[in-house]
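For the sequence shown, the working numbering gives the first residue as 405, with consecutive numbering after it. In what follows, a structure is listed as structure tokens, so that the remarks can point back to it.
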Amino acid sequence: ACWGVKLMQDNYVGDIGDYGKYGLLRNVSAAGLQLAVNWYRVIPTLPGKHNQEDGKFTSYLDKPEIYRHYDPELFDCLAGIVHRQKRSIAEIETSGILTASFFSDALIPASRSHWHQAALLGTIGADIVFLDPDNGLESARMHQHRSAKEKHTTWQEVKDYYDRGQSVILYQHRPQRIKRKC
């Protein structure tokens, strides 16, 4: 339980990135592999406050003639969730659109090691573990200073899944960099 707070990942549910991620995961499951999803759920530091840009990339849902044919069932599911304004990870989990086990506990920075141990327990038996942190893998500098934030997965966390024989799929947005004039 997350105390009724709408989590950051809920703001993104149904955006174009989800259509691609979930399409990939549906193919993993269709290949007969056991899938587990660790959402890396984060409680916002300021509940109710989020970037207005979060999850705004849903206009693809208004163009079914272009996008729906890639995965009609997934497209229709995400369109329904977005248009009903029911955007939440819980909606994805209960929709049946992904054949997976889910680890949905909120990551609390002060107890990250306990959270990670619970995540490992919650994903036992999966062939593939999908990690979905908001900001991807920690940078080399974060790793060196052990300063990864809750919106990142750590190299060690990825390694722990790998060391027990599981494959890992890690979702990582392309970095956004501002070009500097020299």
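Glycine is no exception: its CB is placed at the ideal position from the N, C-alpha and C atoms.
If residue i sits next to residue j, beta carbons under 8 Å apart, how far is it from one beta carbon to the other, in whole angstroms?
i: S463; j: D414; result: Going by Cβ atoms, the distance from S463 to D414 rounds to 19 Å, so no, they are not a contact pair.
i: A522; j: D536; result: Contact doesn't hold; Cβ gap of about 16 Å is too wide.
i: G540; j: L574; result: 7 Å
i: Y444; j: T527; result: Not really, about 12 Å apart at Cβ, beyond 8 Å.
From residue i to residue j, what distance separates their C-alpha atoms?
i: K555; j: H547; result: 14 Å
i: S499; j: S433; result: 15 Å
i: K460; j: D538; result: 15 Å
i: V417; j: D466; result: 16 Å
i: D564; j: Q576; result: 18 Å
i: E477; j: I501; result: 8 Å
i: R545; j: S551; result: 8 Å
i: L437; j: Q560; result: 24 Å
i: R568; j: I532; result: 11 Å
i: R516; j: L525; result: 14 Å
i: H520; j: S543; result: 19 Å
i: Q570; j: K490; result: 32 Å
i: K425; j: P513; result: 26 Å
i: H518; j: N442; result: 14 Å
i: D419; j: C481; result: 12 Å
i: V562; j: K553; result: 15 Å
Tell whether a beta-carbon distance below 7 Å holds between residue i and residue j.
i: D475; j: G421; result: no
i: E497; j: I485; result: no
i: L511; j: V446; result: yes
i: F506; j: L429; result: no
i: F479; j: R488; result: no
Which partner residues does residue i have in the DSSP bridge list?
i: R445; result: A510
i: L541; result: T557
i: S517; result: Answer is none; S517 lacks a bridge partner.
i: I532; result: L439, S571
i: S505; result: A440
For residue i, is the classification buried or exposed, using 16 other Cβ atoms within 10 angstroms of its Cβ as the cut-off for buried?
i: E469; result: exposed
i: L439; result: buried
i: N431; result: exposed
i: Y423; result: buried
i: Y566; result: exposed
i: A363; result: Residue 363 falls outside the range modelled here, since the chain spans only 405 to 586, and no answer is possible.
i: A483; result: buried
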